[in-house]
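In what follows, a structure is listed as structure tokens, so that the remarks can point back to it.
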Amino acid sequence: MNKKVKGASFIVLGLFLTYLLVNRRGIEASNNSEGNILFLFLDFFTLFSGKMAWIIIGILLITGLAFLIKKEVRVSRRKELTGVVCFLAISLLFIREDIVSPLPDSFTDAGRIILELGFGKESGGIVGSLVAMPLYKVITTTAMGIFLWAVVGLSILYLLSSPLEYLYEWIKGVRQYYKSDEYKEKVKLLKAKKMSEKLKRTDYKKYQKEEMKKRIIESRNQKLSFELAKKPKDSFLDRTEIYSDEELAKKEKEWAEFSKKMEKTKTSVEKEKTEEKLVKKPEKSEVEEKKPEIKEQKHEKIKEEEKHAEIPEKDEIHKASAENRKDSEKDNKTAEDKNSENKKSVLEDKTAGENKPVQEKQVDVKPSDAKPADVKDIRKEEKVQEEVKVKQKNEVKKESKKTENSHEEMVIPKIEAFEDMEAIKREKELQESLKKAEDARNNSDKGYNELLKKSIEEIFKIKPMDIEKKFEIEKSIIDNVNHLENVLKQFGIDAKVVNYEYGPTITRYEITIPAGTKVSKVTSLSDDIAMNLAAESIRIEAPIPGKNTIGIETPNKIKEPVHFSNIIQNKELEKGELNVILGKDIVGRDKIIDITKMPHLLIAGQTGSGKSVAVNTLIATLISKKSEKEVKFIMVDPKMVELMPYNDIPHLLVPVIIDPQQAAIALKWAVNEMENRYKQLMENGVRNIKSYNSLKYVEKMPYIVIIIDELADLMMVASGSVEESIARIAQKARAVGIHLVVATQRPSTDVITGMIKANLPSRISFALRSQIDSRTILDSAGAEKLLGQGDMLLLENGSSKLERIQGAFISDEEVSNLTSTLKSSRKVKYREEILTETHENDKTVDPYFENAIEIIKQEKKVSISLLQRELRVGFNRASRIYDQLKEKGVISYDNQILIDDDLENEIKK
462 MNKKVKGASF
472 IVLGLFLTYL
482 LVNRRGIEAS
492 NNSEGNILFL
502 FLDFFTLFSG
512 KMAWIIIGIL
522 LITGLAFLIK
532 KEVRVSRRKE
542 LTGVVCFLAI
552 SLLFIREDIV
562 SPLPDSFTDA
572 GRIILELGFG
582 KESGGIVGSL
592 VAMPLYKVIT
602 TTAMGIFLWA
612 VVGLSILYLL
622 SSPLEYLYEW
632 IKGVRQYYKS
642 DEYKEKVKLL
652 KAKKMSEKLK
662 RTDYKKYQKE
672 EMKKRIIESR
682 NQKLSFELAK
692 KPKDSFLDRT
702 EIYSDEELAK
712 KEKEWAEFSK
722 KMEKTKTSVE
732 KEKTEEKLVK
742 KPEKSEVEEK
752 KPEIKEQKHE
762 KIKEEEKHAE
772 IPEKDEIHKA
782 SAENRKDSEK
792 DNKTAEDKNS
802 ENKKSVLEDK
812 TAGENKPVQE
822 KQVDVKPSDA
832 KPADVKDIRK
842 EEKVQEEVKV
852 KQKNEVKKES
862 KKTENSHEEM
872 VIPKIEAFED
882 MEAIKREKEL
892 QESLKKAEDA
902 RNNSDKGYNE
912 LLKKSIEEIF
922 KIKPMDIEKK
932 FEIEKSIIDN
942 VNHLENVLKQ
952 FGIDAKVVNY
962 EYGPTITRYE
972 ITIPAGTKVS
982 KVTSLSDDIA
992 MNLAAESIRI
1002 EAPIPGKNTI
1012 GIETPNKIKE
1022 PVHFSNIIQN
1032 KELEKGELNV
1042 ILGKDIVGRD
1052 KIIDITKMPH
1062 LLIAGQTGSG
1072 KSVAVNTLIA
1082 TLISKKSEKE
1092 VKFIMVDPKM
1102 VELMPYNDIP
1112 HLLVPVIIDP
1122 QQAAIALKWA
1132 VNEMENRYKQ
1142 LMENGVRNIK
1152 SYNSLKYVEK
1162 MPYIVIIIDE
1172 LADLMMVASG
1182 SVEESIARIA
1192 QKARAVGIHL
1202 VVATQRPSTD
1212 VITGMIKANL
1222 PSRISFALRS
1232 QIDSRTILDS
1242 AGAEKLLGQG
1252 DMLLLENGSS
1262 KLERIQGAFI
1272 SDEEVSNLTS
1282 TLKSSRKVKY
1292 REEILTETHE
1302 NDKTVDPYFE
1312 NAIEIIKQEK
1322 KVSISLLQRE
1332 LRVGFNRASR
1342 IYDQLKEKGV
1352 ISYDNQILID
1362 DDLENEIKK
């Protein structure tokens, strides 16, 4: 026999025996244990080997690997004999450990006891018992135990002698090598290598920095060039258009000339300012020139009068002083009047370049009448006049500055400047209009929110639950705890209920099972538990994630209704971007999800399971909490029943679509809108819609939620385009605020294809018919055991855990009241261009289109599989070519060939 075949057979046998030992409990607990071949083989193997089973498996695996690795395996006879002796000694030790009481003196009685121990499967096996029978008198002695341990130890050392020799030689060689000069030289070279690599890294980092600088400059240049090439838009929703090369060159010349003109106007204005500053100031007035002469004359007169004056009497002095006071008051009044006259005439004097002389009142005092008091009064008059003159000077200076400033402001630029200032005026007007529009929008949003608050308070009123019902629910739960423990005891499982959590429709009991009991034993009893508890159906979660307990979910006998009107008051709905209501979880907490984090949702459920009610709660939440400027909808309802009440609400982009062909066109528009939005994000340098909407003076970009109530109808009519559009939107549209909510009641693989399923990460499943349907939606079983009427399983994006939720109920009356208030408050503005089919497909004909025509002419038949086989393309591309052949009129919709020479020439043209 070949050595590799022998080694593979040993390894397979060893692995098979390990499988039997690992799954011993499962094999023994199987229903057909007596007739099971695996059970018989396991029983025979454990009877023969006992506790030596793992040693036998290890020997088989080691020998098998040795045969596979080496072509020849040489083992000496001595080592074979020592291996056998070691095996027998270990089996004798296991038998010796199991002998508790002393053996009888007779050989037969002692042999019977030893054989019973061998058949016990937890001892040394039959081999060990047969070897131990002749040694029944000394097997239990301590000397025999020491001897057996010595034999085992020596035999293991002998068997491992060659590996130990190899290990010793290896350690010895390694030590000698570390002490050698060669090792030291290599260590030095290694250090030098590391140093050189460090230097290279530093140089490389410098190179990277320079490259980064170049890239940043290039990206900035590209952005600026793109901004220059953009054409102005009239509104936010218009597409961005770009100038051609010739137009851009002309515009750049115009802009360059405009910038030169602006620079010229600036320089001319600056020159005029400097010239005005250099103009000479007006000469001083005659009064100011004559001031020093008048002062000198007064001082000389005063000195002469002091010399010739005599000391007057007291009465005359008082009279003179009183008269002088009166004269000084009169002089002050005249000075003030003249000051006011001078203020009025300042501007005229400034323009004329001359100042009118100010008349001074000179007091002529005769020498005979001069007295000391008169001298003092004269000095006071002079001080008063000087103060008045100082005030006049200051006022004249202030008014002259004002006139200069007014002249500077009124500098008139040249006529050329007005030719280019019109663009600046337009920009200012646009900014002002944008501000006004933003203020008006904010005011309208405030009014809209106030209206919605009033409508919510009136329409959605809180509906409290009966307290008596709660007491009845708790009583039934306590009864179920006792029933559940008794049922499990009947089937041999000593389980205990350690905790329970009840929600509106489901109660989850957490049980613990004793160690050594298999979890599968509990899960296999689901039908028996449901029958004993008189429940419709139960769901077992084994184990509960993060706990060492098993969860058994049973329906409540008294169910608590979950009203949409009670949850709509929750403040958490105001926090997220697109928070919506689902219902209540298994503990009774409100379950609210954010669609922007989903970011796309797939809903499945059979008729009457609550799927359409969940879609209604989703829509009602968004239109209650968000204005039409924040969220827009595209609704597709081929059944023409569920979504029709939402027609004409202001949040709709188009009327509710009932035609599958129009739905396919709307999805294509959504793909184009997604691309346009990405361009707008790129132009403004932002990453997502949230940061874009935070920009100032930018028209806010609304979220778009596309709701498809029945996907199966769309896939029957236009599967190729619908699948492609859904995949593209689901892959990219999250950042630009476009989200999908797709619902279907037929979750088969032809409706929910692999591409759709892969791109819709968040899924909700209501009650389904079979386990296969549940696995199609959730990739796991469980949806087939749901109760219906809003009972759902949620699989969120990024989570592998299924969450059970009772959906919220919103009545038809509440929906109609809500939609009627919205319709009365705002008028809808539909965008009709969304449903107009564009003819882009004519331009993007597949390159294999003409080859397909030749194949049809040769084969005289057509099918997707034929095109796929002959053109050697995939199924999706072949189906796309097949659709294009129908659109061009090459084949009819009932697969009849219509091609002729005239049609072929037209298609080629």
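Heads up, the sequence shown is in the working numbering, so the first residue is 462 and it goes up one at a time. Glycine included, every Cβ here is placed at the ideal spot set by N, Cα and C.
Sequence-distant residues of its chain with Cβ nearer than 8 Å to residue 867 (five each side left out): The residue you call residue 867 lines up with position 406 of the sequence shown. With a pLDDT of only 43 at residue 867, under the threshold of 50, the placement of this residue in the model should not be trusted; the figure read from the coordinates follows. Excluding residues within five positions, none has a Cβ falling inside 8 Å.
Per-residue DSSP class, three states only, for residue 1012: Your numbering for residue 1012 matches position 551 in the sequence shown. If DSSP states are grouped into helix, strand and coil, residue 1012 belongs with the strands.
From 1255, 1271, 1290 and 1065, residue whose alpha carbon lies closest to that of residue 1173: Position 712 of the sequence shown, counted from the first residue, corresponds to residue 1173. Taking only the C-alpha atoms, the option nearest residue 1173 is 1065.
Contact the region 1217-1232 vs the region 1250-1266: 3+ CB pairs below 8 Å: Yes: at least three Cβ pairs fall under 8 Å.
Neighbour-count burial assignment, residue 1031, 16 or more Cβ in a 10 Å radius: Within the sequence shown, numbered from 1, the residue matching residue 1031 stands at position 570. Classification for residue 1031: exposed.
Contact set for residue 501: own chain, Cβ-Cβ below 8 Å, skip 5 residues either direction: Here residue 501 refers to the residue found at position 40 of the sequence shown. Nothing listed; no residue qualifies.
Start-end ranges of the alpha helix (DSSP H) lying completely within the region 1207-1292, minimum 4 residues: 1215-1220, 1232-1239 and 1273-1286
Among 1041, 1120 and 1073, the one whose alpha carbon lies nearest that of residue 1086: Here residue 1086 refers to the residue found at position 625 of the sequence shown. Among 1041, 1120 and 1073, the Cα nearest to that of residue 1086 belongs to 1041.
Proximity to residue 587 [Cα-Cα], best of 508, 611, 944 and 654: Position 126 of the sequence shown, counting from 1, holds the residue named residue 587. The residue with the shortest Cα to Cα distance from residue 587 is 508.
Sufficient close CB pairs (3 or more, under 8 Å) joining the region 930-939 to the region 948-955: no
DSSP bridge partner residues for residue 1164 (one or two, in chain order): Within the sequence shown, numbered from 1, the residue matching residue 1164 stands at position 703. DSSP, once it has assigned bridges, lists 1092 as partnering residue 1164.
Where residue 966 falls: helix, strand or coil (DSSP): Here residue 966 corresponds to residue number 505 of the sequence shown, with the count starting at 1. Note: residue 966 maps to coil in three-state DSSP.
Those runs of the beta strand (DSSP E) which lie wholly inside the region 1002-1082 and span at least 3 residues: 1011-1016, 1040-1046, 1051-1055 and 1062-1065
Exposure of residue 1202, with buried meaning 16 or more beta-carbon neighbours within 10 Å: Mapped onto the sequence shown, residue 1202 falls at position 741. Residue 1202 is buried by the Cβ-count criterion.
Option in 725, 1130 and 579 with minimal Cα separation from residue 1293: As a first step, residue 1293 must be located in the sequence shown, where it is residue number 832. When C-alpha distances from residue 1293 are compared across 725, 1130 and 579, the shortest belongs to 1130.
Per-residue DSSP class, three states only, for residue 1202: Locating residue 1202 in the sequence shown gives position 741, counting from the first residue. It is a strand residue.
Assigned secondary structure, residue 663 (DSSP; H/G/I helix, E/B strand, else coil): Locating residue 663 in the sequence shown gives position 202, counting from the first residue. Three-state result, residue 663: helix.
Short Cβ contact (9 Å threshold) for residue 1134 with residue 1165: The residue labelled residue 1134 in the question sits at position 673 within the sequence shown. The residue labelled residue 1165 in the question sits at position 704 within the sequence shown. Cβ distance < 9 Å, so residue 1134 and residue 1165 count as in contact.
Which listed residue (1295, 719, 1287 and 1235) has its alpha carbon closest to that of residue 1111: On the sequence shown, residue 1111 is found 650 positions in, with the first residue counted as 1. When only C-alpha atoms are compared, the closest one is 1287.
Nearest-angstrom Cβ-Cβ length linking residue 1243 and residue 1000, presumed shorter than 8 Å: Within the sequence shown, residue 1243 is the residue found at index 782, counting from 1. Within the sequence shown, residue 1000 is the residue found at index 539, counting from 1. Between residue 1000 and residue 1243 the Cβ distance is about 6 Å, and since that is below 8 Å, they are a contact.
First and last residue of the uninterrupted alpha helix (DSSP H) at residue 944: By one-based count along the sequence shown, residue 944 stands at place 483. Looking at the DSSP string, the run of the alpha helix (DSSP H) that includes residue 944 is 928-951.
Range covered by the alpha helix (DSSP H) that runs through residue 554: To locate residue 554, count along the sequence shown from 1; it is residue 93. Run containing residue 554: 538-559, per the alpha helix (DSSP H) assignment.
Distance, residue 648 Cα to residue 654 Cα: On the sequence shown, position 193 is the one that residue 654 refers to. On the sequence shown, position 187 is the one that residue 648 refers to. Computed Cα separation, rounded: 10 Å.
Per-residue burial, residue 735 [other beta carbons within 10 Å of its own, 16 or more giving buried]: Residue mapping note: residue 735 aligns to position 274 of the sequence shown, counting from 1. So residue 735 ends up on the exposed side.
Residue 1000 - partner residues in DSSP beta bridges: Along the sequence shown, read from residue 1 onward, the residue named residue 1000 stands at position 539. Note: residue 1000 sits in a beta bridge opposite 1014.
Coarse secondary structure for residue 484, derived from DSSP in three states: Locating residue 484 in the sequence shown gives position 23, counting from the first residue. It is coil, neither helix nor strand.
8 Å CB neighbourhood of residue 1118 in its chain, flanking five on each side removed: Counted from its first residue, the sequence shown places residue 1118 at position 657. The answer, listed in chain order, is 1095, 1096, 1097, 1098, 1124, 1127 and 1296.
Rounded C-alpha distance that separates residue 562 from residue 1261: For the purposes of this step, residue 562 is identified with residue 101 of the sequence shown, where counting begins at 1. For the purposes of this step, residue 1261 is identified with residue 800 of the sequence shown, where counting begins at 1. Cα to Cα, residue 562 sits roughly 56 Å from residue 1261.
Unbroken alpha helix (DSSP H) run spanning residue 624, endpoints: Here residue 624 refers to the residue found at position 163 when the sequence shown is read from its first residue. Residues 622-640.
CB of residue 1357 within 9 Å of CB of residue 1310, strictly: The residue given as residue 1357 occupies position 896 in the sequence shown. The residue given as residue 1310 occupies position 849 in the sequence shown. Not in contact: residue 1357 and residue 1310 (Cβ atoms no closer than 9 Å).
Exposed unless 16 or more other CB atoms sit within 10 angstroms - verdict on residue 1045: Locating residue 1045 in the sequence shown gives position 584, where the first residue counts as 1. Label assigned to residue 1045: buried.
Enclosing alpha helix (DSSP H) for residue 1141 [first to last residue]: As a position in the sequence shown, residue 1141 is number 680, starting the count at 1. Boundaries of the alpha helix (DSSP H) around residue 1141: 1121-1145.
According to DSSP, residues forming a beta bridge with residue 971: Here residue 971 corresponds to residue number 510 of the sequence shown, with the count starting at 1. Residue 971 is bridged to 960 and 1012.
Selected residue, minimal CA-CA separation from residue 1317, among 1338, 1336 and 1342: Counting from one through the sequence shown, the residue named residue 1317 turns up at place 856. Measuring from the Cα of residue 1317, the nearest candidate turns out to be 1342.
Endpoints, the alpha helix (DSSP H) within which residue 570 is located: As a position in the sequence shown, residue 570 is number 109, starting the count at 1. Looking at the DSSP string, the run of the alpha helix (DSSP H) that includes residue 570 is 568-579.
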